[in-house]
Amino acid sequence: MLSIKNNGISAVQFGLLTTVEMITAMLVYIPVAYLADRTTKKPFVLITFLNFTLFPLFLLFSHSFSMMVIAFVIRGLKEFGEPTRKALIMDLAPEDQKAGMFGLYYLIRNVIVSVAAFAGGFLWQLSPAVNLLTATAYGVLGTIYFALRGRDLKGS
20 MLSIKNNGIS AVQFGLLTTV EMITAMLVYI PVAYLADRTT KKPFVLITFL
70 NFTLFPLFLL FSHSFSMMVI AFVIRGLKEF GEPTRKALIM DLAPEDQKAG
120 MFGLYYLIRN VIVSVAAFAG GFLWQLSPAV NLLTATAYGV LGTIYFALRG
170 RDLKGS
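First residue of the sequence shown: 20, per my numbering; consecutive thereafter.
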């Protein structure tokens with residue numbers, strides 16, 4: 020990644036950043052899943068989408084290792100509502116079609132992500148900033164859409 024390369028981040032430092040991301044994710048998985056089971060799930064999923072949205076923006080403006088640490092904490096927080104999001108998909112699926120709906124969700128998501136990856140490659144050639152700002156813009160749109168239109172069910 021250009022942000023990593025341009026900031027003189029070494030391979031060891033990148034490994035540390037990835038460790039920060041994974042530790043952050045591990046620290047939030049169980050407590051968030053526990054809370055989401057006792058309340059509604061939508062706020063936790065919204066926070067996840069917000070973190071997906073913020074990461075490219077923070078990456079764009081991270082010009083030091085310490086700023087990169089903050090960016091990778093945010094990247095780890097993208098897992099904030101991951102178990103909750105999967106549970107919400109299952110909760111909203113018809114009882115006799117849960118496995119199929121889960122598979123369909125991932126098929127649609129992965130097709131979109133694959134197309135976006137190609138588009139990201141073209142945008143990167145224009146400018147890494149264009150790529151990261153476009154990712155942020157789509158994140159904002161998706162987060163707003165889910166906030167306004169996404170369904171929710173009360174936890175158990």
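Note that the Cβ used here is the ideal one computed from N, Cα and C, for glycine as well.
- The criterion of a C-beta distance shorter than 8 Å is not satisfied by A135 and E98.
- Sequence-distant partners of K61 (beyond 5 residues in either direction) whose C-beta falls short of 7 Å from its own C-beta, in its chain, are G169 and D171.
- Burial check for I163: the Cβ neighbour count within 10 Å stays below 16, so the residue is exposed.
- With respect to the 8 Å criterion, M87 and L152 are not classified as neighbours on the basis of their beta carbons.
- Rounded to whole angstroms, the separation of the alpha carbons of L145 and Y53 is 43 Å.
- Cβ-Cβ distances below 6 Å link V149 to L142 in the same chain, with the five nearest sequence neighbours on each side left out; the list follows chain order.
- With distances taken between CA atoms, T38 lies nearest to I89 out of A118, F77 and I89.
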